[in-house]
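Numbering (our numbering), first residue to last: 54 to 219.
For every residue, glycine included, the Cβ atom is placed at its ideal position computed from N, Cα and C.
Here the structure is laid out as structure tokens; the discussion comes afterwards.
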Ligand SMILES: [Zn+2]
């Protein structure tokens, strides 16, 4: 059995330190206990420092993390916006019979009764929502970049989404 203060806690992994802390008798081995807690605090501080450093790096240059080029992100986002516009137009068209209900007799001209008109509107909302949920992503981080057609950067990772900021 080691004497008090003989244990080299610097060789322990963090998990082993945690196990040691759970089982140590701090009255019988006060020096070991002090060494153990000092070592743990140092490890946790180091861990927090590394996490903070990574976070700062990501904030400074999100592209560095994903490995994608700025040109790729901008052209992909342009494609996404293009698709979003097509989907919006389809959604609006599906909504029109319901919106213009008061002015046009859709039932007589196109055979669209009120139930069909409601279903078309619901389909428009569903298509728009599904697209937004599945495909309206930032090409860099994959998260929703925030709404709006003129957005210049991703609200999640901060990457530039447009070549020229107006
Ligand atoms: Zn992003």
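Among the options, whose alpha-carbon lies nearest the alpha-carbon of residue i?
i           : options           : result
residue 93  : 71, 166, 78       : 71
residue 64  : 89, 174, 80       : 89
residue 67  : 176, 80, 56, 95   : 95
residue 155 : 204, 74, 170      : 170
residue 118 : 152, 107, 127, 80 : 107
residue 203 : 81, 179, 134, 91  : 134
Count the other C-beta atoms from every protein chain shown that fall within 10 angstroms of the C-beta of residue i, then say buried if there are 16 or more, exposed otherwise.
i           : result
residue 188 : exposed
residue 83  : exposed
residue 165 : buried
residue 210 : buried
residue 146 : exposed
residue 214 : buried
residue 193 : buried
residue 212 : buried
Are residue i and residue j touching if we call contact CB-CB under 8 angstroms?
i           : j           : result
residue 58  : residue 78  : no
residue 173 : residue 150 : yes
residue 123 : residue 116 : yes
residue 37  : residue 137 : Because residue 37 is not part of the residues shown, which for the chain are 54 to 219, the question remains open.
residue 181 : residue 142 : no
Let me know the secondary structure DSSP gives residue i once reduced to three states.
i           : result
residue 68  : helix
residue 108 : helix
residue 100 : helix
Based on the DSSP output, what are the partners of residue i in its beta bridges?
i           : result
residue 206 : 213
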